[in-house]
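A.B. asks: Using the working numbering, the first residue of the sequence shown is number 136, and each one after it goes up by one.
Cβ atoms here follow ideal geometry from the backbone N, Cα and C, with glycine treated the same way.
The structure follows.
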Amino acid sequence: MSYEALRIEVANPRIGAFVSGVDIAAPLSNREVSELHQALADYQVLFFRDQHFTLDSQKAFGRLFGELHIHPNTPGPEGHPEILPIHADASSKEIAGEHWHSDVSCDPEPPLGSVLHLHTVPPNGAGDTLFASMYAAYDALSPRLKTYLEGLTALHAGERNYRRNNRLRGIDERGRVFPWANHPVVRTHPVTKRKALYVNRVFTYRINEVSEDESEAILGYLYRHAERPEFQVRFQWKPNSVAFWDNRAVQHLAVWDYFPQVRSGNRVTIKGDRPY
Ligand code: SIN
Numbered sequence: 136m137s138y139e140a141l142r143i144e145v146a147n148p149r150i151g152a153f154v155s156g157v158d159i160a161a162p163l164s165n166r167e168v169s170e171l172h173q174a175l176a177d178y179q180v181l182f183f184r185d186q187h188f189t190l191d192s193q194k195a196f197g198r199l200f201g202e203l204h205i206h207p208n209t210p211g212p213e214g215h216p217e218i219l220p221i222h223a224d225a226s227s228k229e230i231a232g233e234h235w236h237s238d239v240s241c242d243p244e245p246p247l248g249s250v251l252h253l254h255t256v257p258p259n260g261a262g263d264t265l266f267a268s269m270y271a272a273y274d275a276l277s278p279r280l281k282t283y284l285e286g287l288t289a290l291h292a293g294e295r296n297y298r299r300n301n302r303l304r305g306i307d308e309r310g311r312v313f314p315w316a317n318h319p320v321v322r323t324h325p326v327t328k329r330k331a332l333y334v335n336r337v338f339t340y341r342i343n344e345v346s347e348d349e350s351e352a353i354l355g356y357l358y359r360h361a362e363r364p365e366f367q368v369r370f371q372w373k374p375n376s377v378a379f380w381d382n383r384a385v386q387h388l389a390v391w392d393y394f395p396q397v398r399s400g401n402r403v404t405i406k407g408d409r410p411y
């Protein structure tokens, strides 16, 4: 498909595109919406500059792609449960997303995508986010390893990550139950039909069909492989930039190189389907 309503500048051959010529905080035409759907499928993560979202317009943008997800550990502010504040400052003991992951992959139906808007960014170009294409990671596996992984499933659970975060933030979480689910190690993207590696360091516990030792060795290899720089694009934020990524095809990591400076904004997350 050619793009008529959007200007697209490809970030690199494997992942990412800068999108301009559109105000995503305002109502969009059908053509703009359909090209945004296409661009997400084509590039896996879209970057926008100078977008002035309110909480309501950010949620309205997210809803163009599906129902909004409510975070299982951190529901949003009063009246906006679908908003996930992303904030770090001099009092932070950890930040969201500091290790490679696909958002909330512990959910039985993990999110389709996430839309992050930062209104405040640290000085001197700090606070980047890295995105890695799990299509590229899968494609680069050896044919033997692809055959080995065929049909394997892995347990993903929120417990370890969310309890750690809550402990560091001093949040009382007694009685809380966190989601878990088994997902295929290699998933098929429901729109593009491409295969993507779907295990990550934050939520994946083990591969179910093999011994614990074997699972640990294979997952260790897959994590290191997925994190190879040639599968990545690195986004440098400016105030009012937006990144919109497809969690079904991408892992990401936020770099915390700006302590004690402030980095702040909001994420909306779009519900997805059960991976297959
Ligand atoms: C996240 O959604 O994992 C946080 C990403 C970021 O802050 O760049």
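Taking buried to mean at least 16 other C-beta atoms within 10 Å of its own C-beta, is Phe266 buried or exposed?
C.D. replies: Mapped onto the sequence shown, residue 266 falls at position 131. Burial call: buried.
A.B. asks: My guess is that His206 and Leu388 are in contact by the Cβ rule of under 8 Å, so how many angstroms apart are they, rounded?
C.D. replies: In the sequence shown, the residue the question calls residue 206 occupies position 71. In the sequence shown, the residue the question calls residue 388 occupies position 253. Between Leu388 and His206 the Cβ distance is about 18 Å, and since that is not below 8 Å, they are no contact.
A.B. asks: Apply the 10 Å Cβ neighbour rule to Pro395 and answer buried if 16 or more other Cβ atoms are within range, or exposed otherwise.
C.D. replies: Numbered from its first residue, the sequence shown carries residue 395 at position 260. The residue is exposed, with fewer than 16 neighbouring Cβ atoms inside 10 Å.
A.B. asks: Between the stretch 271-282 and the stretch 354-369, do three or more beta carbon pairs fall short of 8 Å?
C.D. replies: Yes, the stretch 271-282 is in contact with the stretch 354-369.
A.B. asks: Can you say whether Asp242 is buried or exposed, counting buried as having 16 or more other CB atoms within 10 angstroms of its CB?
C.D. replies: Residue numbering aside, residue 242 sits at position 107 when the sequence shown is read from its first letter. Label assigned to Asp242: buried.
A.B. asks: Taking Cβ positions, are Ser399 and His187 nearer each other than 8 Å?
C.D. replies: Position 264 of the sequence shown, counting from 1, holds the residue named residue 399. Position 52 of the sequence shown, counting from 1, holds the residue named residue 187. No. Outside cutoff.
A.B. asks: Measuring only the C-alpha atoms, how far is Phe153 from Ala176?
C.D. replies: For the purposes of this step, residue 153 is taken as the residue at position 18 of the sequence shown. For the purposes of this step, residue 176 is taken as the residue at position 41 of the sequence shown. When rounded, the distance between both Cα atoms is 14 Å.
A.B. asks: Note down, in chain order, each residue of its chain lying with its Cβ closer than 7 Å to the Cβ of Ala316, except the 5 sequence neighbours on either side.
C.D. replies: By one-based count along the sequence shown, residue 316 stands at place 181. Here the set comprises Cys241, Asp242, Pro243, His291.
A.B. asks: Measure the alpha-carbon distance for Gly355 versus Ser169 and round it to whole angstroms.
C.D. replies: To locate residue 355, count along the sequence shown from 1; it is residue 220. To locate residue 169, count along the sequence shown from 1; it is residue 34. About 38 Å.
A.B. asks: Taking 7 Å as the line, does the beta carbon of Leu247 fall inside it for any heavy atom of the ligand SIN?
C.D. replies: Here residue 247 refers to the residue found at position 112 of the sequence shown. No, the beta carbon of Leu247 sits no closer than 7 Å to any heavy atom of the ligand SIN.
A.B. asks: Which residues does DSSP pair with Ile159 in a beta bridge?
C.D. replies: What you label residue 159 is simply residue 24 of the sequence shown in a count that begins at 1. In DSSP, Ile159 forms no bridge with anything.
A.B. asks: Do the stretch 178-193 and the stretch 373-388 make contact, defined as three or more Cβ pairs closer than 8 Å?
C.D. replies: Contact between the stretch 178-193 and the stretch 373-388 is present, because at least three Cβ pairs lie under 8 Å.
A.B. asks: Between Lys406 and Leu203, is the Cβ-Cβ spacing less than 8 Å?
C.D. replies: The residue labelled residue 406 in the question sits at position 271 within the sequence shown. The residue labelled residue 203 in the question sits at position 68 within the sequence shown. Cβ distance < 8 Å, so Lys406 and Leu203 count as in contact.
A.B. asks: At which residue ranges does the stretch 261-307 contain complete alpha helix (DSSP H) runs of 4 or more residues, listed in the order of the chain?
C.D. replies: Taking only runs of at least 4 residues, the alpha helix (DSSP H) segments lying wholly in the stretch 261-307 are 269-274, 278-284, 294-304.
A.B. asks: Grouping DSSP H, G and I as helix and E and B as strand, with all else coil, what is Gln371?
C.D. replies: Translated into positions along the sequence shown, residue 371 becomes position 236. Note: Gln371 maps to coil in three-state DSSP.
A.B. asks: At a threshold of 7 Å, does His234 count as lining the ligand NAP (C-beta to nearest heavy atom)?
C.D. replies: This structure lacks the ligand NAP; its bound ligands are the ligand SIN.
A.B. asks: For Met269, is the classification buried or exposed, using 16 other Cβ atoms within 10 angstroms of its Cβ as the cut-off for buried?
C.D. replies: If you number the sequence shown from 1, residue 269 lands on position 134. Buried: at least 16 other Cβ atoms inside 10 Å.
A.B. asks: May I ask whether a heavy atom of the ligand SIN can be found less than 7 Å away from the beta carbon of Asp242?
C.D. replies: One-based indexing of the sequence shown puts residue 242 at position 107. Every heavy atom of the ligand SIN is 7 Å or more from the Cβ of Asp242, so no.
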